[in-house]
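Residue numbers are given in the numbering used here: position 52 of the sequence shown equals residue 54, and the series is strictly consecutive.
Ideal placement from N, C-alpha and C gives every residue a C-beta, glycine not left out.
To start, the structure under review is shown below, and the notes come after it.
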Amino acid sequence: MRNTYHRSPQRKYWTVNFRITAPQLRVIDHEGKQVGVLSKDDALRIAQEKEMDLVLIAERAQPPVAKIIDFKKFLYQEEKKLKEARKGIKRSVVKDVKLSLFIGPADLERLVNKSKEFLSKGSQVRINLTLKGREMGKRDMAFDLIKKYLTSLGEINISKEPRLEGRVIRAVVARKK
């Protein structure tokens, strides 16, 4: 019987065995059957007899719910559930493409192809066009370049319209579903 305070991978703290402070507990055994409402001492004694741990599951319930289980096995199962939940989540990756106002046609074509590659893999593409010095006076030209770039990408969803943020014009695009 362990008298420790453990953390699961989910960073949730579990109150185990002698750390439980509630005087009365609703106890569930290792098979999932309700034992009933017992005093903390009786519940700990039952857990010791079965060579298992008493883990506080729902501390805000009235009375708090505790389960008699093998704590290491319980942590392993919780970690397994967490990994399984993470499997279904697909994280969207945002790739950056940097343009300049006076970019050559060959370089523009290369960046368009790279962006198409990113989009085909399911990533989003953030287009950044930084205006330096006197280029700030040529904002119209910069927006035209961004629009030309977006049209050359083909069928896309524009997540964020081209917008001037300080000295940078930004747009975010994703693949059309």
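Should residue i and residue j be called a contact, given that it needs their Cβ atoms to be closer than 8 Å?
i, j, result
"K162", "V174", "yes"
"V127", "K97", "yes"
"Y151", "L110", "yes"
"A45", "L27", "yes"
"E81", "T17", "no"
Below 8 Å on the Cβ atoms is my contact criterion, and I expect residue i with residue j to pass it. Report the Cβ-Cβ distance as a whole number of Å.
i, j, result
"L103", "L147", "7 Å"
"N159", "K178", "5 Å"
"L40", "V57", "Not a contact, Cβ separation roughly 15 Å."
"I59", "H32", "Contact flag wrong, Cβ pair sits at about 13 Å."
Three-state secondary structure (DSSP) at residue i?
i, result
"A49", "helix"
"S125", "coil"
"P164", "strand"
"L131", "strand"
"K178", "coil"
"A108", "helix"
Could you please give the first and the last residue of the uninterrupted alpha helix (DSSP H) stretch that includes residue i?
i, result
"Q79", "F73 to K89"
"S94", "It is not in any alpha helix (DSSP H) - S94 carries neither H nor E in the DSSP assignment."
"A144", "R141 to S154"
Between which two residues does the beta strand (DSSP E) carrying residue i extend?
i, result
"T17", "Y15 to V18"
"A60", "D55 to A60"
"R28", "Q26 to I30"
Kindly indicate which residue of the options has the alpha-carbon position closest to the one of residue i.
i, options, result
"V67", "E51, M138, E53 and P25", "P25"
"Q180", "D55, K74 and G38", "Because the chain in this structure spans residues 3 to 179, residue 180 falls outside the shown range and cannot be described."
"K75", "M54, S94, V95 and A87", "M54"
"K183", "Q36, T23 and I59", "Residue 183 lies beyond the residue range present for the chain, which begins at 3 and ends at 179; the question has no answer from this structure."
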